[in-house]
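Participant:
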Amino acid sequence: MVMGLAEEPVVIRHTGDPLMPADAVELAKDLDEEWSASDGRLTRTYTFSNFAEALAFVNSVGELAEEVDHHPMISFTWGRVEIEIWTHSIGGLQRGDFVFAARVDKIYEHM
């Protein structure tokens, strides 16, 4: 059985080089097509039917972020949450960012 990104541990390196663009494009194929990979960042917008659902999602993503010590940029308003992921310390993307994104999608699926 092949393990999907969401089942991998979120491992974040704080040194080294970010992924090469071609490698990032390849990893992005394993994410939901709603994710956008550009300028060394992953971005996705999620929609909800009300403010409370959006807030609950933000709180769940926050729990994941604290658990794995990797903190995305999160913006939210009524019925809408935007998540932006990258590794600040290397100035770009690494595999762990894609794993984190897949885990965020898993949270969304269970909302």
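With positions in the sequence shown counted from 1, the corresponding number in the numbering used here is that position plus 888. Yeah, the Cβ is synthetic: ideal placement off N, Cα and C, and Gly gets one too. Please read all numbers here as calculations on a predicted model, not as lab measurements.
Can you give me the Cβ contacts of V898 inside the same chain, cut-off strictly under 7 Å, excluding the 5 residues immediately before and after it?
Facilitator: Correct list, in chain order: V956, H958, G984, V987, F988 and R991.
Participant: How long is the line joining the alpha carbons of A925 and A916, rounded to whole angstroms?
Facilitator: For A925 and A916, the distance between alpha carbons rounds to 7 Å.
Participant: Just verifying my parser: in three-state terms, what is the DSSP assignment at R983?
Facilitator: Helix.
Participant: Which class does A916 belong to by DSSP, given the choice of helix, strand or coil?
Facilitator: It is helical.
Participant: I need the straight-line Cα distance from V933 to F945, nearest angstrom please.
Facilitator: Just to set this straight, residue 933 is Thr in the shown sequence, not Val. Straight-line Cα distance between these residues: approximately 12 Å.
Participant: Over what stretch of residues does the beta strand (DSSP E) that includes A925 continue unbroken?
Facilitator: Residues S924 to S926.
Participant: Considering Cα atoms alone, identify which of G950, P909, P906 and L907 is closest to V969.
Facilitator: Of the listed residues, the one whose Cα sits closest to V969 is G950.
Participant: Give me the Cα-Cα distance between S963 and A942, rounded to the nearest whole angstrom.
Facilitator: Roughly 10 Å between the two C-alpha positions.
Participant: Output needed for I995: all residues of its chain with C-beta closer than 8 Å, excluding positions within five of it in sequence on either side, in chain order.
Facilitator: Counting only Cβ-Cβ distances below 8 Å, and skipping sequence neighbours, we find F945, S948, V949 and L952.
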